[in-house]
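Numbering (this note's numbering), first residue to last: 1 to 287.
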Amino acid sequence: MSDPAAKSNPWDGVSATIVHADLYPCRPDWRIVRQLLPYDGLFYIWKGHGWVMIDDERLEARPGDLFIMRRGRTLEAGHDPAHAMMPLSTGFHLRRHGDVDAIRGLALPHRLRLLGPEIPEFQVRFMDLIALHRDARPTARLSAAGALLRLVAEALRLVESLPADRASRVMPPLTGDETMAARVQAWIDAHIADRLTLTGLARVAKLTPTHFSAAFHKQTGVSPMQYLRRRRVEAARALLASGDRTVEEVARAVGYPDPFHFSRVFRALVKIAPRDYRDSLKHPFQP
Numbered sequence: 001m002s003d004p005a006a007k008s009n010p011w012d013g014v015s016a017t018i019v020h021a022d023l024y025p026c027r028p029d030w031r032i033v034r035q036l037l038p039y040d041g042l043f044y045i046w047k048g049h050g051w052v053m054i055d056d057e058r059l060e061a062r063p064g065d066l067f068i069m070r071r072g073r074t075l076e077a078g079h080d081p082a083h084a085m086m087p088l089s090t091g092f093h094l095r096r097h098g099d100v101d102a103i104r105g106l107a108l109p110h111r112l113r114l115l116g117p118e119i120p121e122f123q124v125r126f127m128d129l130i131a132l133h134r135d136a137r138p139t140a141r142l143s144a145a146g147a148l149l150r151l152v153a154e155a156l157r158l159v160e161s162l163p164a165d166r167a168s169r170v171m172p173p174l175t176g177d178e179t180m181a182a183r184v185q186a187w188i189d190a191h192i193a194d195r196l197t198l199t200g201l202a203r204v205a206k207l208t209p210t211h212f213s214a215a216f217h218k219q220t221g222v223s224p225m226q227y228l229r230r231r232r233v234e235a236a237r238a239l240l241a242s243g244d245r246t247v248e249e250v251a252r253a254v255g256y257p258d259p260f261h262f263s264r265v266f267r268a269l270v271k272i273a274p275r276d277y278r279d280s281l282k283h284p285f286q287p
């Protein structure tokens, strides 16, 4: 006879898909423009000072702060150029059987303040995830999924155990995909290497291209194709940081068959060439 408690465990059968995981040294002009989050994430401040706004809640960001990002919420962030931030960041999807979002129904705060021994312990877990995600071997990628699950479990444990004055207000759970844009963004993530067109994205939204463009812009503040370019460059930055692919391979992986066109788009958004961007990254936890 099976254990009744096991049947009620909400984490049974959860699988992890890592969108990105790395250390991101922020340039002085770094900023995240207001956008709808297409996946869940953890954003930990290792160095520097700044701010993070999730929906309508603007929060200070300082070393030891852990931000819990939720798919479907809006995000904006910036920092003090004199004290540039260096966050450890990961984006991911956690799914149960039937493609059910495993954490969407949880009521969670946007920020936790870690202190004392909590800081090095959490940093070690995060760096373990990043090192495994950067390793191209199939066995390492499998281990990275396990490391992500352990990191998320530790974040949820901290939510339960930290005193109320070290957490921002608890936000009610999200009950579903609140917007059409969130669904389209998730679809883009799953097909980012494909040839994507405005007509094709409108078909996903079940709208005409004209109505889709207007609705997407109203919900996100940018046009669908602007978002697609930003998302592809964001994915490219994560792949370049991993160091195990050429620029040409990265370009193809994010939907640019022409590496020269990819380089022009990347430079226009990041203000630096892809190769120079990769060379600028320093990872103190690597040998």
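Glycine included, each C-beta is placed from N, C-alpha and C at the ideal position.
Just so you know, these numbers come straight off a predicted model, no measurement behind them.
- Per DSSP, reduced to three states, the secondary structure at valine 19 is strand.
- Contact between proline 173 and arginine 104 is confirmed by a C-beta separation of about 7 Å, below the 8 Å threshold.
- Around the Cβ of proline 138, a 10 Å sphere holds fewer than 16 other Cβ atoms; the residue is exposed.
- Under the DSSP definition of a beta bridge, proline 87 partners with Ile45.
- If you compare the alpha carbons of Ala251, His261, Pro224 and Gln226 with that of arginine 237, the shortest gap goes to Ala251.
- Across the structure, arginine 229 and isoleucine 192 are spaced so that their CA atoms are roughly 10 Å apart.
- According to the DSSP secondary-structure assignment, leucine 269 is paired through a beta bridge with no residue.
- Boundaries of the alpha helix (DSSP H) around glycine 146: 138 to 161.
- Counting along the chain, threonine 74 sits inside the beta strand (DSSP E) bounded by residues 74 to 79.
- Put simply, the stretch 125 to 137 does not touch the stretch 190 to 208. Fewer than three CB pairs are less than 8 Å apart.
- Three or more Cβ pairs closer than 8 Å define a contact, and the stretch 7 to 24 meets that threshold against the stretch 85 to 92.
- Classified as exposed, tryptophan 11 has fewer than 16 neighbouring CB atoms from the shown chains inside 10 Å of its CB.
- Burial check for glycine 13: the Cβ neighbour count within 10 Å stays below 16, so the residue is exposed.
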